[in-house]
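Taken in sequence, the protein lines are chains A and B. Quick note on my numbering: the first sequence kicks off at 308 and runs consecutively. Quick note on my numbering: the second sequence kicks off at 308 and runs consecutively. Working notes, structure below.
2 protein chains.
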Amino acid sequence: MAAKTKAKKTERDAATLSKIEKLAKGVLAEVTKGKNPAVEIRTRTLTNVSFNEKKKIIELGDRVQSREFFNTAMARKFMQTLIVAKGCKTLLDEGKTVSIRQLFYMSKHTLKGTTENTFEDQSESDPVIEDLEVTVDALREELHLFANKRGLVVGKLSVNDSGDTIDLAHMGSGGWGIPSICEPDRLKFVNNSAEFILCVEKQAVWHRLNEDRFWEDHNCILMTSEGQAARGARRLLQRMATELKLPIYVLVDNDPWGLYIYSVLKQGSINLAYESMRMAVPNVRFLGMSAFDYKKFTMPAAAEIKLTKEDIARAEQMKNYPWFKDKKWQREIQATVDNGFKMEVDALLTKSISFITEEYIPKKLRDRDYLQ
Amino acid sequence: MAAKTKAKKTERDAATLSKIEKLAKGVLAEVTKGKNPAVEIRTRTLTNVSFNEKKKIIELGDRVQSREFFNTAMARKFMQTLIVAKGCKTLLDEGKTVSIRQLFYMSKHTLKGTTENTFEDQSESDPVIEDLEVTVDALREELHLFANKRGLVVGKLSVNDSGDTIDLAHMGSGGWGIPSICEPDRLKFVNNSAEFILCVEKQAVWHRLNEDRFWEDHNCILMTSEGQAARGARRLLQRMATELKLPIYVLVDNDPWGLYIYSVLKQGSINLAYESMRMAVPNVRFLGMSAFDYKKFTMPAAAEIKLTKEDIARAEQMKNYPWFKDKKWQREIQATVDNGFKMEVDALLTKSISFITEEYIPKKLRDRDYLQ
Numbered sequence: 308m309a310a311k312t313k314a315k316k317t318e319r320d321a322a323t324l325s326k327i328e329k330l331a332k333g334v335l336a337e338v339t340k341g342k343n344p345a346v347e348i349r350t351r352t353l354t355n356v357s358f359n360e361k362k363k364i365i366e367l368g369d370r371v372q373s374r375e376f377f378n379t380a381m382a383r384k385f386m387q388t389l390i391v392a393k394g395c396k397t398l399l400d401e402g403k404t405v406s407i408r409q410l411f412y413m414s415k416h417t418l419k420g421t422t423e424n425t426f427e428d429q430s431e432s433d434p435v436i437e438d439l440e441v442t443v444d445a446l447r448e449e450l451h452l453f454a455n456k457r458g459l460v461v462g463k464l465s466v467n468d469s470g471d472t473i474d475l476a477h478m479g480s481g482g483w484g485i486p487s488i489c490e491p492d493r494l495k496f497v498n499n500s501a502e503f504i505l506c507v508e509k510q511a512v513w514h515r516l517n518e519d520r521f522w523e524d525h526n527c528i529l530m531t532s533e534g535q536a537a538r539g540a541r542r543l544l545q546r547m548a549t550e551l552k553l554p555i556y557v558l559v560d561n562d563p564w565g566l567y568i569y570s571v572l573k574q575g576s577i578n579l580a581y582e583s584m585r586m587a588v589p590n591v592r593f594l595g596m597s598a599f600d601y602k603k604f605t606m607p608a609a610a611e612i613k614l615t616k617e618d619i620a621r622a623e624q625m626k627n628y629p630w631f632k633d634k635k636w637q638r639e640i641q642a643t644v645d646n647g648f649k650m651e652v653d654a655l656l657t658k659s660i661s662f663i664t665e666e667y668i669p670k671k672l673r674d675r676d677y678l679q
Numbered sequence: 308m309a310a311k312t313k314a315k316k317t318e319r320d321a322a323t324l325s326k327i328e329k330l331a332k333g334v335l336a337e338v339t340k341g342k343n344p345a346v347e348i349r350t351r352t353l354t355n356v357s358f359n360e361k362k363k364i365i366e367l368g369d370r371v372q373s374r375e376f377f378n379t380a381m382a383r384k385f386m387q388t389l390i391v392a393k394g395c396k397t398l399l400d401e402g403k404t405v406s407i408r409q410l411f412y413m414s415k416h417t418l419k420g421t422t423e424n425t426f427e428d429q430s431e432s433d434p435v436i437e438d439l440e441v442t443v444d445a446l447r448e449e450l451h452l453f454a455n456k457r458g459l460v461v462g463k464l465s466v467n468d469s470g471d472t473i474d475l476a477h478m479g480s481g482g483w484g485i486p487s488i489c490e491p492d493r494l495k496f497v498n499n500s501a502e503f504i505l506c507v508e509k510q511a512v513w514h515r516l517n518e519d520r521f522w523e524d525h526n527c528i529l530m531t532s533e534g535q536a537a538r539g540a541r542r543l544l545q546r547m548a549t550e551l552k553l554p555i556y557v558l559v560d561n562d563p564w565g566l567y568i569y570s571v572l573k574q575g576s577i578n579l580a581y582e583s584m585r586m587a588v589p590n591v592r593f594l595g596m597s598a599f600d601y602k603k604f605t606m607p608a609a610a611e612i613k614l615t616k617e618d619i620a621r622a623e624q625m626k627n628y629p630w631f632k633d634k635k636w637q638r639e640i641q642a643t644v645d646n647g648f649k650m651e652v653d654a655l656l657t658k659s660i661s662f663i664t665e666e667y668i669p670k671k672l673r674d675r676d677y678l679q
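Printed below as a string of C-alpha cells:
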C-alpha cells in the first residue's frame, strides 16, 4: 500500500456514509417529532428468499419488518442497530477496516449507570451487521467490515491493491493472498492477458497446477478458494467475470459438497441472498470432477471413496434445488449416486503426478466438457 | 517461478535421494543374502521424547524399533514404508512436490492377483511418512511432501521463491501466502532491511496492523500464522531467526491456547519432536497478550471473557511443562487463572481502532516488556 489508507475517502465511501447518515437522520426526525423511531429492515428469513429464474441467482424479496424503539421486544436490537451503524461510520470516517469480531469489541460496552452490556457476544452483533447491510443496501465490505480471508491466486494478471501494483505471474510457490475486501475502489485490474480463470476447491490441487505452471502454458488465472469460497474470493471472481469478461471454470471434488461449492459461486447462498447481485457469477462453468470422469479417464478403483448415507441424502437434496432442476444436472447428480462412490480431484494422482495438468484439464477444456 | 521446477535437481535433492537409495540398498542386500530384511525406525512414542534443557527444544531420543518383512505383524507396514520411499524418490527424480494426501493416492493400489490394497486410507500413509522422515533423517519437505499451507507475510524483506523475486513491501492488503515448503534451495532471502519480526496469531490482527502500515513505521516483517503455525510458517520463522538474525516477537491471545501456539514456535511439539532441530526457535519472544496487560493498559470490562473449566485445566497443564517451569512463566500463567478471564488481542479495539498499532505494541517494545 503506497499511502496510509487513513488519508483517503473514496467516492464510494462517501456514498455509503450518506446512506448511514440518512438512516440516522430518519430516526432523529421521528424522535424530534415525539414519535416512536423505527428502522425498516428487509426480512432475511427463508420465506423471503427465492430463486430468480431469469437472473439465475438466489434473491432476497421485498418483505420488510419494522424495528421500533418503544417496544420492549425490539428496543435492545434497535439500540444495537444504531451502535453498529455508528461503528461503521467511524470506520468510514477514519478510512479503516476491521473484522466483524473487531467491530463487536468496538461496539461492546457497559451502559452508563447500569450493568447492562450493549452486546454480550458476537452472535448478537453479527446478525445486526447483516440487518444494516440490507437496510442501507451496502455490502459489509462497503461498511468497512470483513470476514476472514481465504484463497490464493496466481496467473496472467496484474492488480493494484491500495496503491501497490502486484504482478500475479511472479508470486513464486506461495501465491497472493486474496484480500478480504476486493471492492473496486481498493482493488483495480491493471493489466490482463489471461484468457480464462480456473478456480479449484483444494489448495493442494492449486499447488500441483502452480508448480506445473499450468497458468503459464494455458494463459490463465489460477485460483483456489480453499474450500467454500470466502466473500473476498467470490467478489474477486465476480469482478473478473464482469469487468475482464473472462470465462470461469470451477474444479471441485466429485461429491455433493463439491457441487455445493460450485452452486454458491454460481447463484449465491440462501443465507446471504441479499448479496447475490454482487457476489454470484451465474455463468460460471462446472469443469469437474464429473461422475462420468471415472469411465472417461479409466480411473483405477483406488480413486473411489464409498458414498456415505449422508452423501446420498445430500445428493437427493441437491436434486431438489430449483437451480439444479435441468436434466443435465439431474443426470450428473444421479450418476454419483449410481456410481456408489465419490472421487476427489487429488485421486487423479493415482494415474500420475501431473496427469491433472497434462491430460485431465486440457482434455476437458478441449472437448468443452463442462456443465453450466 | 521462472523455470519449470521439473528441470532442476538441487544438491539437497541429490543428498535426500542418496539417503533413500541407501535405505533401499540395505534392504536389497539383506534379501540377496537370504536374510529377513528390516528397517530401523526411531520410536516416536512419548517415552522417547524429552525436553533438552540446554538447547531448549523438545527432542526425539535415540530409541529405535526394527520393522521386519518376515513378521506377520510388521509385513504390511514394511511394504508401506518402501512404497512411500519409492513415491518420494519419484517426486525427487521429477522435481515435483505433492501433499501428503496426494502421496496417499500415488501409493494406493490393489496388489496384483489379490483384493488387498496397499493403503486403505490416509491414516495409514501419514504415520509411514513420519517413519520415513526419522529413518532417513529428512524433513518431509526434503522428501518433496507438504502439509496444507497457512499464514501470510508482508514487510521489509525481498525473497526469491523458485526464481521469482517478491518484494514483501508491495503486497497490498492481501499479503504473500507463506509457501508450504520454505527450504533454502527453493526460498532465498534476497534483501532484508527489517530489524525484527512480529508474528501475530490472528489474521484479523495482522490485517489491522497491515492497514495501519505498522511494518513500515517500525521497519519490520509482519506475519500471521493464522492460528497454530503450519510447518511452512515455522520453518520460515526459524530461517529468518538464524539466517537474518532477527529477533521475533509473538503476539497471541491471552489464554492457554495462545500460549501453546507460542510454545510450539519456541520449543517444538511432542508430536513432531524429531523436527524441532529445524523448526523450533528457542529465543522467540512472547510479547503478549500478558495477563498483566489488563491493568497495565487499563482495559475496560468489555475486554474480558470468563475462563471456562477447560481453560483452567489447560492452564494447570501448561504450568507443569518443563519449559514453563521458570518463575516468570509460572507467574504469567497463574495471573490468567487469578484474573478469572482471558483476553483476545482483538479486545484492544475496545480502546480504539488503532490502539494496538499506536499504543499497545510500541509501548511493549519500548519497555522491552516481553517474556522469553
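The beta-carbon is built from N, C-alpha and C at its ideal position, and this holds for glycine as well.
Cut-off 7 Å between Cβ atoms - residues of its own chain near Thr323 of chain A, not counting five sequence neighbours on either side: Closer than 7 Å at Cβ, skipping near neighbours: Leu399, Ala445, Glu449 and Leu450.
Extent of the continuous alpha helix (DSSP H) run through Gln510 of chain A: Counting along the chain, Gln510 of chain A sits inside the alpha helix (DSSP H) bounded by residues Gln510 to Glu518.
Spatial distance of Ala540 of chain A from Tyr556 of chain B (CA atoms): The alpha-carbon atoms of Ala540 of chain A and Tyr556 of chain B are separated by roughly 31 Å.
Whole-angstrom distance between Met547 of chain A and Gly458 of chain A, CA atom to CA atom: In a straight line, the C-alpha of Gly458 of chain A is about 15 Å away from that of Met547 of chain A.
Environment of Ser480 of chain A [buried if 16+ CB atoms lie within 10 Å]: Counting Cβ neighbours within 10 Å, Ser480 of chain A comes out buried, since at least 16 surround it.
Length-filtered (3 minimum) beta strand (DSSP E) runs lying within the region 355-430 of chain A: Here the runs fully enclosed are 356-359, 364-367 and 371-375.
Local conformation of Tyr677 of chain A per DSSP, three classes: Of the three classes helix, strand and coil, the one that applies to Tyr677 of chain A here is coil, per DSSP.
The region 512-526 of chain B / the region 646-664 of chain B touching (three or more Cβ pairs under 8 Å): A contact is defined here as three or more CB-CB pairs under 8 Å, and the region 512-526 of chain B meets this definition with respect to the region 646-664 of chain B.
Short CB-CB distance (under 8 Å) between Asn526 of chain A and chain B: No, Asn526 of chain A lies away from the interface with chain B (no Cβ there is under 8 Å from its Cβ).
Chain-ordered neighbours of Asn455 of chain B on chain A, where CB pairs are closer than 8 Å: Correct list: Gln510 and Ala511.
Alpha-carbon spacing of Thr312 of chain B relative to Val405 of chain B, whole angstroms: In this prediction, Thr312 of chain B scores a pLDDT of 46, lower than 50, which makes its location untrustworthy; no coordinate-derived value is stated.
Short CB-CB distance (under 8 Å) between Gly341 of chain B and chain A: No, its Cβ sits nowhere closer than 8 Å to a Cβ of chain A.
Partners in chain B for Tyr601 of chain A, counting only beta-carbon separations shorter than 7 Å: Here the premise fails: no neighbours, minimum Cβ distance about 14 Å.
Cα-Cα separation, Leu551 of chain A to Pro486 of chain B: Spanning the two alpha carbons is a distance of roughly 28 Å.
Range covered by the beta strand (DSSP E) that runs through Met275 of chain B: One cannot answer for residue 275 of chain B here, as it falls past the ends of chain B, which runs 308 to 679.
Residues sharing a beta bridge with Ser500 of chain A, DSSP: BP columns for Ser500 of chain A are empty, so no partner.
Cutoff 8 Å; reference Ala309 of chain B; Cβ partners in own chain excluding five residues on either side: The predicted model places Ala309 of chain B with a pLDDT of 43, which falls under 50 and marks its position as unreliable, so this point remains unresolved.
Where the alpha helix (DSSP H) through Thr643 of chain B begins and ends: Counting along the chain, the alpha helix (DSSP H) containing Thr643 of chain B begins and ends at Lys634 to Asn646.
Identified DSSP bridge partners for Met586 of chain A: None; Met586 of chain A has no bridge partner.
Under the three-state DSSP convention, the category Ser659 of chain A falls into: In the three-state reduction of the DSSP assignment, Ser659 of chain A falls in the coil class.
Cβ of Thr549 of chain A within 8 Å of any chain B Cβ: Chain B contact via Cβ: absent.
Pair within 8 Å by beta-carbon distance, Leu452 of chain B and Ile407 of chain B: Contact flag set, yes.
Local conformation of Lys463 of chain B per DSSP, three classes: Three-state DSSP puts Lys463 of chain B in coil, outside helix and strand.
Closer than 7 Å at the beta carbon, the chain B residues around Leu459 of chain A: Chain B residues near Leu459 of chain A: Gly484.
Proximity test, Cβ basis, 8 Å: Ala608 of chain B and chain A: Interface residue, yes.
C-alpha distance - His416 of chain B paired with Thr425 of chain B, whole-angstrom precision: Rounded to whole angstroms, His416 of chain B and Thr425 of chain B show a C-alpha spacing of 6 Å.
Among B:Leu439, B:Ser414, B:Met584 and B:Thr422, the one whose alpha carbon lies nearest that of Gln429 of chain B: Of the listed residues, the one whose Cα sits closest to Gln429 of chain B is B:Ser414.
Asn498 of chain B: contacting residues in chain A (beta-carbon distance under 7 Å): Those do not exist, as Asn498 of chain B stays about 15 Å from chain A at its closest Cβ, beyond 7 Å.
Contact set between Asp471 of chain A and chain B, taken where Cβ atoms lie within less than 8 Å: Those are His477, Met478 and Gly479, listed as they occur along chain B.
Beta-carbon proximity of Ile365 of chain B to Thr442 of chain B, cut-off 8 Å: No, the pair does not count as a contact, with Cβ atoms beyond the cut-off.
Contact with chain A by Glu665 of chain B, beta-carbon distance below 8 Å: No, Glu665 of chain B lies away from the interface with chain A (no Cβ there is under 8 Å from its Cβ).
Alpha carbon of Phe376 of chain A to alpha carbon of Asp438 of chain A, nearest angstrom: For Phe376 of chain A and Asp438 of chain A, the distance between alpha carbons rounds to 16 Å.
Residues from the region 614-642 of chain B in contact with chain A, defined by Cβ distance under 9 Å: Flagged: no residues at all.
Per-residue contacts from Ala536 of chain A into chain B (C-beta, under 8 Å): Neighbourhood of Ala536 of chain A in chain B, by CB distance below 8 Å: empty, with the nearest CB roughly 15 Å away.
Span of the alpha helix (DSSP H) around Ile485 of chain A: Here Ile485 of chain A belongs to no alpha helix (DSSP H), and DSSP marks it neither H nor E.
7 Å Cβ cut-off: residues of chain B touching Thr323 of chain A: In chain order: nothing, as chain B lies at least about 17 Å away.
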